[in-house]
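Engineer: Below is one structure. I have some questions about it.
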Amino acid sequence: MGTLHDVLLPRTLGAVTATQKTHQNISNVAVIGLGTMGAGIVEVFARAGLDVIGIEYNDQALERGRGIITKSTDRALAKNKITEAERDALLGHITWSTDRSDVSGADLVVEAVNENLDLKREIFRDIDAMTSEHAILATNTSSLSVTQIAAATQNPERVIGLHFFNPAPVQKLVEIIRTVHTDASRTEAVAHLLASCGKTPIVCGDRAGFVVNALLIPYLASAIRHYDEGFATREQLDEAMVEVGNPMGPLTLSDLIGNDVILAVCEYMYDETKNPLHAPAPLLRQMCAAGLMGRKSGRGFYDYVEGADHGPLIAEPPVTRHDELAGRLTAEYLNEVLRMVQTNYARPDDIDTGMSLGCRMPKPFDLLAEIGPVEVLRRQEKLYAETAQPAHRPVLLLEQLAQADDPQAALTELRAR
Ligand SMILES: NC(=O)c1ccc[n+]([C@@H]2O[C@H](COP(=O)([O-])OP(=O)(O)OC[C@H]3O[C@@H](n4cnc5c(N)ncnc54)[C@H](O)[C@@H]3O)[C@@H](O)[C@H]2O)c1
1 MGTLHDVLLP RTLGAVTATQ KTHQNISNVA VIGLGTMGAG IVEVFARAGL
51 DVIGIEYNDQ ALERGRGIIT KSTDRALAKN KITEAERDAL LGHITWSTDR
101 SDVSGADLVV EAVNENLDLK REIFRDIDAM TSEHAILATN TSSLSVTQIA
151 AATQNPERVI GLHFFNPAPV QKLVEIIRTV HTDASRTEAV AHLLASCGKT
201 PIVCGDRAGF VVNALLIPYL ASAIRHYDEG FATREQLDEA MVEVGNPMGP
251 LTLSDLIGND VILAVCEYMY DETKNPLHAP APLLRQMCAA GLMGRKSGRG
301 FYDYVEGADH GPLIAEPPVT RHDELAGRLT AEYLNEVLRM VQTNYARPDD
351 IDTGMSLGCR MPKPFDLLAE IGPVEVLRRQ EKLYAETAQP AHRPVLLLEQ
401 LAQADDPQAA LTELRAR
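As structure tokens, this is what we get:
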């Protein structure tokens, strides 16, 4: 990870200059699937001056994808974000096709078709045979195993995950997922390319949820579980986590994302990990079965239809432990953050970047420094003793930091490594 580290540090990315904009010898990009994400990804690369071919499976779908890009660039023009000449130049970099074999000239192929493993594997098997051997093959999957997709090819070392966030032209963060096979020089090339396109890439291994969802979703699931168990009222819970520095409380955030989406991500994560911290609370299932999806359905943990007031889902418990909430949820979250570092899954600065750019949450390592490793360990040990839940066992790295002669210095050293 040493060289990659140097490449990926945000300060290094900030220093990418026009003369370095060689795009690491990647000048032709193919994007397969021009839906919400694929169309946005075409725009990102075309705006940076790369030649992009957008591929769909029939003329109708191609027209739809083309329409998404035209609308998006027209909107950017109307808002004076680009000039007419820039819009024309951007569109001039794009060609269109319904023939998958047109990937043959690409240096980078980004697949963004529907979230279906069989379909993605079929496409990767094909494009592996259709492209030249230097080409990098990327999938924009959000929940499937990149390793399983790569395994459909003869050359898994050139397969990576490229997880753009929605809307791709706007969101700076991109998670680059390396599998056990992925060749580091290719990860590096893609990181440089993304930086030169104005994106902020972070790198992680191939586990359900990558970095951002793997930390955010269990945190939301835990908050919902605490609410379900009568730990606090919905307002107490949300307020406690806003006080920690989050832009909104976890129940408000679940309603905003959609409780059905949270349930689906919990399920795929639990399916892969069998980690009880990823299991959805019974209340979340009940809410989804009852259609309480959150903001989009008009009701979730709170009401969103004007004048409606159904009151809380859980009647106010006679005894609450709301004063312990922030401490518990934060310790549990930071324990998982350190597990990622302990297992070499992701680097501290990448995790900080992911959570601050992806969720507008405080940087986890700032939070850890603020509370202090000794206090986080004390809280986590208490949680572990109380729940007897193996998943709550403090990770070795947390113990090491807390037991160092100078825990803050040890933490600073870890962050700089
Ligand atoms: N929507 C999001 O917020 C989001 C965010 C990050 C990642 N993702 C991931 O990105 C991928 C695409 O998601 P989306 O939301 O853009 O889906 P979407 O349904 O909007 O688009 C999928 C596109 O793929 C096309 N397609 C299907 N089969 C094809 C084939 N054989 N050849 C060429 N094109 C084909 C469809 O016509 C459609 O236009 C998924 O893997 C998803 O998990 C989605």
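In my numbering, the protein residues as written are 1 to 417.
All residues carry an ideal CB built from backbone N, CA and C; glycine is no exception.
Here the structure is a predicted model, which means the values were calculated and not measured.
Helix, strand or coil: how does DSSP classify glycine 258 here?
Structural biologist: Looking up residue 258 in the sequence shown gives position 258. Three-state result, glycine 258: coil.
Engineer: Are the CB atoms of valine 170 and threonine 131 nearer to each other than 8 Å?
Structural biologist: Walking along the sequence shown from the start, residue 170 turns up at place 170. Walking along the sequence shown from the start, residue 131 turns up at place 131. Not closer than 8 Å, so no.
Engineer: What did DSSP end up calling leucine 4 once you bin it into helix, strand or coil?
Structural biologist: The residue you call residue 4 lines up with position 4 of the sequence shown. Unreliable placement is indicated for leucine 4, whose pLDDT of 31 sits below 50; the coordinate value is still reported in the next sentence. Note: leucine 4 maps to helix in three-state DSSP.
Engineer: I'd like to confirm something about valine 242: is its beta-carbon nearer than 7 Å to some heavy atom of ligand 1, or not?
Structural biologist: The residue labelled residue 242 in the question sits at position 242 within the sequence shown. It does not: the Cβ of valine 242 is nowhere closer than 7 Å to a heavy atom of ligand 1.
Engineer: Under the assumption that glutamine 380 contacts alanine 331 (Cβ atoms under 8 Å), give the Cβ distance between them as a whole number of angstroms.
Structural biologist: Indexing the sequence shown from 1 puts residue 380 at position 380. Indexing the sequence shown from 1 puts residue 331 at position 331. Contact holds; Cβ gap of about 4 Å.
Engineer: State the beta-bridge partners of leucine 137 as determined by DSSP.
Structural biologist: In the sequence shown, the residue the question calls residue 137 occupies position 137. In DSSP, leucine 137 forms a bridge with Val109 and Val159.
Engineer: If I measure Cβ to Cβ from glutamine 403 and keep anything under 6 Å in the same chain, skipping five residues before and after, which residues do I get?
Structural biologist: By 1-based counting over the sequence shown, the position of residue 403 is 403. Result list for glutamine 403: empty, nothing under 6 Å.
Engineer: Quick check on arginine 347: does DSSP put it in helix, strand or coil?
Structural biologist: Taking the first residue of the sequence shown as position 1, residue 347 is located at position 347. Correct three-state label for arginine 347: coil.
Engineer: Alpha carbon to alpha carbon, how far is alanine 289 from aspartate 309?
Structural biologist: Walking along the sequence shown from the start, residue 289 turns up at place 289. Walking along the sequence shown from the start, residue 309 turns up at place 309. If I take the Cα positions, the gap works out to 20 Å.
Engineer: Should aspartate 349 and proline 282 be called a contact, given that it needs their Cβ atoms to be closer than 8 Å?
Structural biologist: Counting from 1 along the sequence shown, the entry for residue 349 is found at position 349. Counting from 1 along the sequence shown, the entry for residue 282 is found at position 282. Taking 8 Å as the Cβ cut-off, aspartate 349 and proline 282 do not qualify as a contacting pair.
Engineer: Out of curiosity, what's the CA-to-CA distance linking phenylalanine 301 and threonine 252?
Structural biologist: In the sequence shown, counting from the first residue as 1, residue 301 sits at position 301. In the sequence shown, counting from the first residue as 1, residue 252 sits at position 252. If I take the Cα positions, the gap works out to 7 Å.
Engineer: Which stretch, first to last residue, makes up the alpha helix (DSSP H) that contains proline 201?
Structural biologist: The sequence position of residue 201 within the sequence shown is 201, counting from 1. Where proline 201 is concerned, there is no enclosing alpha helix (DSSP H), although the beta strand (DSSP E) it sits in stretches over 200-204.
Engineer: For alanine 106 and alanine 150, I'd like the C-alpha separation in whole angstroms.
Structural biologist: To locate residue 106, count along the sequence shown from 1; it is residue 106. To locate residue 150, count along the sequence shown from 1; it is residue 150. If you take the alpha carbons of alanine 106 and alanine 150, they lie about 18 Å apart.
Engineer: Is glutamate 43 buried or exposed, if buried means 16 or more other CB atoms sit within 10 Å of its CB?
Structural biologist: Sequence index remark: in the sequence shown, residue 43 carries index 43 (1-based). Buried, because 16 or more other Cβ atoms sit within 10 Å of the Cβ of glutamate 43.
Engineer: Any heavy atom of ligand 1 inside 7 Å of the beta-carbon of isoleucine 177?
Structural biologist: For this step, residue 177 is matched to residue 177 along the sequence shown. Isoleucine 177 Cβ: outside cutoff for every heavy atom of ligand 1.
Engineer: Measure the C-alpha to C-alpha separation of proline 362 and valine 244 and round it to an integer number of angstroms.
Structural biologist: Here residue 362 refers to the residue found at position 362 when the sequence shown is read from its first residue. Here residue 244 refers to the residue found at position 244 when the sequence shown is read from its first residue. So the alpha carbons of these two residues sit roughly 8 Å apart.
Engineer: Would you mind working out which of Leu277, Glu306, Glu375 and Met340 sits nearest threonine 387, comparing C-alpha positions?
Structural biologist: In the sequence shown, counting from the first residue as 1, residue 387 sits at position 387. Ranking the options by Cα distance to threonine 387, first place goes to Leu277.
Engineer: For the segment 182-236, which segments carrying the beta strand (DSSP E) assignment without a break, of at least 3 residues, lie completely within its bounds, in sequence order?
Structural biologist: 200-204
Engineer: Tell me the start and end of each unbroken alpha helix (DSSP H) in the segment 306-347 that is at least 4 residues and wholly inside, in chain order.
Structural biologist: 322-342
Engineer: Does ligand 1 have even one heavy atom less than 7 Å from the beta-carbon of methionine 269?
Structural biologist: Counted from its first residue, the sequence shown places residue 269 at position 269. Checking the Cβ of methionine 269 against ligand 1 gives no.
Engineer: Give the single residue among Asn275, Thr73 and Leu411 whose Cα lies nearest to the Cα of histidine 392.
Structural biologist: On the sequence shown, position 392 is the one that residue 392 refers to. Nearest of Asn275, Thr73 and Leu411 to histidine 392, Cα basis: Asn275.
Engineer: Excluding the 5 residues preceding and the 5 following leucine 397 in the sequence, name in chain order all residues of the same chain whose CB lies nearer than 7 Å to its CB.
Structural biologist: The residue given as residue 397 occupies position 397 in the sequence shown. Counting only Cβ-Cβ distances below 7 Å, and skipping sequence neighbours, we find Leu338, Val341 and Gln342.
Engineer: What residues match up with asparagine 28 in a beta bridge as DSSP calls it?
Structural biologist: In the sequence shown, residue 28 corresponds to position 28, counting from 1. DSSP, once it has assigned bridges, lists Asp51 as partnering asparagine 28.
Engineer: From glycine 2 to proline 201, what does the alpha carbon distance come to, in whole angstroms?
Structural biologist: Looking up residue 2 in the sequence shown gives position 2. Looking up residue 201 in the sequence shown gives position 201. Confidence at glycine 2 is low in this model, with a pLDDT of 31, below 50, so the placement of that residue should be treated as unreliable; the coordinate-derived value is given next. Rounded to the nearest angstrom, the two C-alpha atoms are 16 Å apart.
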